[in-house]
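In our numbering, the protein residues as written are 7 to 435. All C-beta atoms in this analysis are idealised placements derived from N, C-alpha and C, irrespective of residue type, glycine included. Predicted model only: the values in this text are computed from it and were never measured. Structure, as structure tokens:
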Amino acid sequence: MKTTVRIGIDGKDLELPTVVGSEGERAIDISSLRKETGYITLDDGYGNTGSCRSAITFIDGEKGILRYRGIPIEQLAEHSNFIETAYLIIYGHLPNRAELRVFSDLLTDNATIHEAMRHHFEGFPADAHPMAILSSMINASSCFSPELWQTSNSDHFESHAAKLISQVRTIAAFSYRKSLGRPIIYPNPAYKYTANFLHMMFSEPYREYPLKPEFVKALDLIFLLHADHEQNCSTSTVRMVASSQANLFASAAAGVCALWGPLHGGANQAVIEMLEQIRQSGDDGRRFIVAAKDKTSGKKLMGFGHRVYRNYDPRAKIIKKACDELLAAANISDPLLDIAKRLEEAALNDSYFVERRLYPNVDFYSGIIMRALRIPTQMFTVIFAIGRMPGWIANFKEIMEDTQSRIYRPRQVYVGPTANDYVPLEQRD
Ligand code: SDX
């Protein structure tokens with residue numbers, strides 16, 4: 007259904023085409039605006055601006071709906087696993103047995119990083135943040151696959167995508183072991199993706215890590231729930247870099263950097279730090295809520311609020327339930343979970359949060375599960391990056407396959423000094 011909208015500018019009527027998405031979302035195509043009127047649009051934070059057409063993930067923020075390739079997140083969380091969902095997100099359909107076998111074998115065969123990369127880990131200080139290590143080591147890893155920049159992005163895509171998904175997990179585990187001064191543990195081809203990650207994180211040369219099924223399942227769910235989320239900050243960054251026809255690894259490394267920020271993927275680490283601070287201060291949460299509402303405090307209720315969700319983040323609901331199940335199954339009690347639940351209860355009954363439609367997001371409870379798995383807080387955003395890799399790869403693939411794709415190059419409204427002349431040094435005193 008091709009429709010148009012009319013806007014009047016400087017006494018001139020302009021008719022602009024609209025675009026209607028498969029779920030009824032409507033957009034005004036302004037690609038002719040500047041040519042026709044000399045105007046550009048300005049949209050701080052891109053809150054009202056679509057950067058692309060995408061067929062990967064659909065979110066209805068008003069209703070709290072999230073679907074990967076049309077399948078509701080609740081069904082995938084219940085019936086699928088991270089690797090099957092990764093295939094769905096990247097290739098657009100649930101894999102049959104043969105496709106899953108090929109994909110799984112590619113991940114197993116690409117799990118180790120080039121041996122020469124090991125000494126790169128020696129170059130980082132023991133307390134280096136693992137997100138800094140991850141972004142640099144993803145690019146370092148590309149140096150051992152020169153075909154990444156010697157051929158077009160579409161050649162070897164399948165093997166590069168599998169290598170990236172598999173190696174991001176190995177690099178993450180190696181950086182954790184390095185931070186402890188412990189010997190690195192190589193992947194074990196007998197283990198599936200998530201179990202292998204826990205093995206590489208927590209086994210010792212003399213003792214295998216006892217893989218508890220409930221721990222593997224909980225972490226696999228975390229990865230699955232983080233796998234994609236339409237045009238969030240880090241995914242938009244990946245698309246920005248991919249639009250210049252940079253290679254897959256360079257685009258993903260840029261995504262890691264964007265994800266690191268505490269307003270984005272870094273929030274899961276910030277939530278735990280917030281809960282710890284509340285616990286140590288003896289606050290029952292009420293003082294913190296007051297501070298979070300006070301703009302001058304510099305504090306926010308981390309893990310709350312979302313640019314798109316004006317309702318409960320469906321992932322947060324699933325993670326909160328998984329928290330209760332995991333802690334009960336593992337007979338763990340975590341005081342931070344109790345504080346988190348009290349904070350949620352207080353916020354959801356506080357007009358400041360209710361009026362602004364601020365609800366728990368994916369980061370509010372995810373750290374509780376990672377704590378139960380003994381994953382250190384500094385690794386939480388790395389876990390998010392491992393989970394988000396399929397979504398970044400799928401968005402990279404969409405750009406790569408779009409024959410109409412153009413380099414992303416936004417305009418600006420210049421507000422700096424108007425034309426003025428150079429002043430020689432001797433005249434500046
Ligand atoms: C992720 O985009 C995605 O999809 C991201 C993500 C993904 O899967 O990729 O879902 C993952 O990044 C989740 C978000 C994690 N970040 C946090 O939990 C950090 C805390 N949240 C906020 O910083 C904030 O809610 C954002 C960054 C998430 C959203 O920011 P917006 O859309 O720019 O909203 P805003 O800052 O304009 O807030 C609107 C109002 C403001 O108050 P007023 O100016 O109207 O008086 O709500 C207030 C804000 O001050 N507000 C908060 C708040 N979040 C918003 N006040 C206190 N605590 C908060 N957490």
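- Using a C-beta cut-off of 8 Å, the stretch 245-252 makes contact with the stretch 409-426, since at least three inter-stretch Cβ pairs fall below that distance.
- If you look at residue 18, you'll find it in the beta strand (DSSP E) that goes 18-26.
- Residue 109 has its Cβ no nearer than 7 Å to any heavy atom of ligand 1.
- Note on geometry: alpha-carbon atoms of residue 375 and residue 231 lie some 13 Å from one another.
- The DSSP-derived three-state label of residue 36 is coil.
- Annotated three-state conformation of residue 115 is helix, per DSSP.
- Relative to the Cα of residue 72, the nearest Cα in the group 227, 36, 319 and 268 belongs to 319.
- Judged by DSSP secondary structure, residue 190 falls outside any alpha helix (DSSP H); it is assigned neither H nor E.
- A direct Cα-Cα distance of roughly 29 Å separates residue 142 from residue 74.
- Using a cutoff of 7 Å, the CB of residue 376 does not count as near ligand 1, since none of the ligand's heavy atoms is closer than that.
- The way I'd put it, the stretch 359-379 does touch the stretch 225-241; three or more beta-carbon pairs between them come closer than 8 Å.
- Every alpha helix (DSSP H) of 4 residues or more that sits fully in the stretch 133-158 is shown, in chain order, as 136-148 and 153-156.
- Within the chosen limit of 7 Å, ligand 1 does not reach the beta carbon of residue 348 with any heavy atom.
- In this model, residue 205 and residue 169 are separated by some 19 Å (Cα to Cα).
- Inclusion of residue 270 in the 7 Å shell around ligand 1 follows from its C-beta lying nearer than that to a non-hydrogen atom of the ligand.
- Rounded to whole angstroms, the separation of the alpha carbons of residue 173 and residue 211 is 20 Å.
- Counting along the chain, residue 271 sits inside no beta strand (DSSP E), nor does DSSP assign it H or E at all.
- Per the Cβ contact rule, the stretch 190-202 is in contact with the stretch 110-125 (3 or more Cβ pairs under 8 Å).
- With a contact defined as Cβ atoms closer than 8 Å, residue 101 and residue 90 qualify at about 6 Å.
- Relative to the Cα of residue 239, the nearest Cα in the group 214, 224 and 394 belongs to 394.
- Within the DSSP bridge table, the entry for residue 366 names 310 as partners.
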